[in-house]
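In the UniProt record's numbering, the protein residues as written are 1 to 260.
The C-beta atom is built at its ideal place from N, Cα and C for all residues, glycine as well.
Small disclaimer: the values here were computed from a predicted structure and weren't measured.
Laid out in structure tokens, this is it:
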């Protein structure tokens with residue numbers, strides 16, 4: 001299903017998007033050396049509930065997962081990149097962390113992810129991974145607008161990631177979003193321009209470039225959810241929800257600084 005939102009729904013999506021971004025930034029500030037991933041999950045739960053919103057993850061049970069996800073935020077560390085299930089692990093200096101959060105409020109969902117390095121040690125490879133996904137995300141957003149095609153966004157994202165020297169997995173990528181978290185169209189992180197669905201005002205997309213340092217192959221954890229690089233290399237993932245407008249694309253998941 002491809003859902004086109006009304007102006008009133010897009011207004012509600014702005015509120016949801018800001019909430020997602022603010023929660024992520026709050027969790028990022030609390031993610032210091034020694035922080036337990038389970039504590040991050042508990043804080044996410046409380047922040048979502050305090051805002052009168054609902055988690056998109058707790059009861060999420062797609063075909064590729066093993067039962068309901070059962071947690072409130074995805075926490076991927078180092079070689080984990082997608083669907084990182086919170087576990088009893090305390091963050092160490094130099095860990096590369098990805099937090100991925102999707103929330104539903106007033107009938108509209110928003111989805112965002114950030115990657116960052118914990119502590120004072122900043123391995124150059126980790127810095128490069130994060131920066132590449134951020135540049136690719138910016139390129140994908142810049143390519144979006146009414147009349148553009150999905151392939152234009154995929155091509156813009158993939159061009160940046162390939163130029164940085166990273167292999168690209170196209171099995172998981174961006175997606176439509178609206179009254180539910182995951183909708184059509186799929187937005188691969190590489191593609192051919194001029195192909196695919198033509199974007200229209202009112203369409204919401206979650207764009208999410210992610211890479212692994214030296215492979216495009218994934219390995220599934222025993223938890224049935226966490227996807228890691230097949231080689232054990234480090235990974236990064238950046239994501240924004242955007243709304244296609246009459247003039248271009250609006251980023252909905254920018255923080256406001258209202259949460260602490």
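Beta-carbon proximity check, residue i vs residue j, cutoff 7 angstroms
i	j	result
residue 149	residue 224	no
residue 231	residue 112	no
residue 12	residue 108	yes
residue 153	residue 211	no
residue 262	residue 129	Within the shown structure, residues of the chain are numbered from 1 to 260, placing residue 262 beyond reach of any answer.
residue 218	residue 243	no
residue 234	residue 115	no
residue 249	residue 147	no
residue 256	residue 18	yes
Beta-carbon contacts of residue i that lie in its chain and below 7 angstroms, excluding the five residues immediately before and after
i	result
residue 170	188, 189, 190
residue 120	93
residue 181	56, 102, 109, 111
Whole-Å CB distance - residue i paired with residue j, under 8 angstroms assumed
i	j	result
residue 34	residue 91	7 angstroms
residue 206	residue 177	5 angstroms
residue 58	residue 70	6 angstroms
residue 331	residue 172	Only positions 1 to 260 of the chain appear in this structure, which leaves residue 331 out of reach.
Spatial neighbours of residue i in its chain, beta-carbon cut-off 8 angstroms, leaving aside the 5 residues before and after
i	result
residue 183	1, 2, 3, 175, 176, 177
residue 20	101, 102, 103, 110, 111, 112, 241, 253
residue 67	61, 224
residue 106	12, 15, 16
residue 133	115, 161, 209, 210, 211, 236, 237, 238
residue 168	158, 161, 162, 189, 190, 211, 216
Any non-hydrogen atom of the ligand PLP closer than 6 angstroms to residue i Cβ
i	result
residue 87	Absence of the ligand PLP from the depicted structure is noted, as is the absence of any ligand whatsoever, leaving it without description.
Beta bridge counterpart(s) of residue i as assigned by DSSP
i	result
residue 96	117
residue 212	235
residue 250	243
residue 125	None, per the DSSP bridge assignment.
residue 103	55, 110
residue 229	218
residue 80	228
residue 206	175, 241
residue 4	203
residue 75	99
residue 186	175
residue 36	90
residue 198	149
Alpha carbon of residue i to alpha carbon of residue j, nearest angstrom
i	j	result
residue 73	residue 179	19 angstroms
residue 236	residue 193	25 angstroms
residue 24	residue 56	15 angstroms
residue 31	residue 138	25 angstroms
residue 202	residue 158	25 angstroms
residue 198	residue 185	10 angstroms
residue 77	residue 222	16 angstroms
residue 209	residue 50	30 angstroms
residue 220	residue 6	38 angstroms
residue 258	residue 22	7 angstroms
residue 246	residue 88	46 angstroms
residue 86	residue 36	9 angstroms
residue 53	residue 118	28 angstroms
residue 124	residue 163	17 angstroms
residue 80	residue 48	24 angstroms
residue 155	residue 136	10 angstroms
residue 44	residue 226	18 angstroms
residue 65	residue 228	14 angstroms
residue 261	residue 251	With the chain covering only 1 through 260, there is no way to say anything about residue 261.
residue 122	residue 95	9 angstroms
Test: residue i CB closer than 7 angstroms to a CB of chain D
i	result
residue 215	Looking for chain D here will not work: only one protein chain is present.
Sequence-distant residues of the same chain with beta carbon closer than 6 angstroms to residue i, five excluded per side
i	result
residue 263	Since the first and last residues shown for the chain are 1 and 260, residue 263 lies out of range.
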